[in-house]
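Report on the following structure.
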Amino acid sequence: MKSNHPPYGKDFLGHVATGRFSDGKIISDFAASILGIKDTVPRFLDPKLSDEDIRTGTIPSGDRSIVVAGLPPIGCLPLQITVKLHLLRTCVDQQNSDAKSYNQKLASQIPRLESSLPESKIIYADIYTPLSDMDNPHKYGLMETRRGCCGTGLLEAGPLCSALSPVCPTSSTFLFWDGIHPTESAYRYLSEALEQQIGSQLLQKVSNH
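If you're matching positions, the sequence shown starts at 8 in this note's numbering and goes up one per residue.
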């Protein structure tokens with residue numbers, strides 16, 4: 008599945024579809040900005056990339072920081088709600104319960120994994136909690152959390168979200184851009200939450216080198 012075509016990227020710099028599954032910036036862009044690396048992460052398949060671009064974000068030492076993200080509330084993705092035929096467009100509780108169970112098991116394995124990788128710091132990122140909180144739309148200035156901005160908002164993603172698809176007039180008020188992926192606004196809120204959650208650990212690593 009690809010997203011290197013309109014309307015993906017409609018709110019990105021230059022309104023260019025860069026392969027990001029969103030209308031604009033995604034979490035890696037916001038993370039790079041927070042860490043003082045770059046405003047946006049370059050496209051790694053771009054033939055015009057320089058060696059310097061490819062090295063963007065690399066910490067020059069033998070010590071590594073790895074962020075491992077858990078699962079989002081999968082049962083609240085517009086596509087999953089549609090597939091499960093929830094006529095009232097409510098989240099699929101069983102899928103969310105499975106995602107939480109997976110996240111708990113993943114987080115519990117981080118210390119063991121870290122001990123097997125000398126000179127590495129592995130940080131668990133909880134994306135489930137902040138994305139679940141965005142289900143309270145008015146708290147974040149959102150108006151729609153059950154449909155995507157592209158097409159009908161019920162299932163379109165990748166090739167089904169195309170240049171022929173109608174899009175909502177204000178994507179910043181939507182939690183989801185397509186049937187699976189968040190909007191730039193949602194990624195911004197998520198990045199701010201992760202900055203509070205794990206930012207100090209990452210910034211400490213960057214400042215030490």
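All C-beta atoms, glycine included, are put in the ideal place defined by N, C-alpha and C.
Buried versus exposed, by CB contacts within 10 Å (16 or more), residue i
i: S68; result: Bear in mind that the predicted position of S68 carries a pLDDT of just 44, short of 50, making it unreliable; the figure below should be weighed with that in mind. Burial call: exposed.
i: E191; result: buried
i: G148; result: exposed
i: S108; result: exposed
i: K7; result: Shown here, the chain extends from 8 to 216; a query on residue 7 therefore has no answer.
i: P54; result: exposed
Alpha-carbon spacing of residue i relative to residue j, whole angstroms
i: E163; j: P125; result: 43 Å
i: R71; j: S179; result: 35 Å
i: C156; j: V174; result: 6 Å
i: F181; j: E151; result: 5 Å
i: C168; j: D58; result: 33 Å
i: P14; j: S122; result: 44 Å
i: H93; j: S104; result: 17 Å
i: I117; j: A106; result: 17 Å
i: G16; j: N110; result: 30 Å
i: G206; j: K45; result: 16 Å
Any chain D beta carbon closer than 9 Å to residue i
i: K146; result: Going by chain labels, chain D is absent from the structure shown, which holds only one protein chain.
Proximity below 9 Å, CB of residue i to CB of residue j
i: D133; j: Q203; result: no
i: L120; j: G77; result: no
i: A38; j: L201; result: yes
i: L138; j: C98; result: no
Host beta strand (DSSP E) of residue i (start-end)
i: F37; result: Premise fails: F37 lies in the alpha helix (DSSP H), 34–41, not in any beta strand (DSSP E).
Coarse secondary structure for residue i, derived from DSSP in three states
i: G186; result: coil
i: R119; result: helix
i: E6; result: Nothing about residue 6 can be read from this structure; the chain reaches only from 8 to 216.
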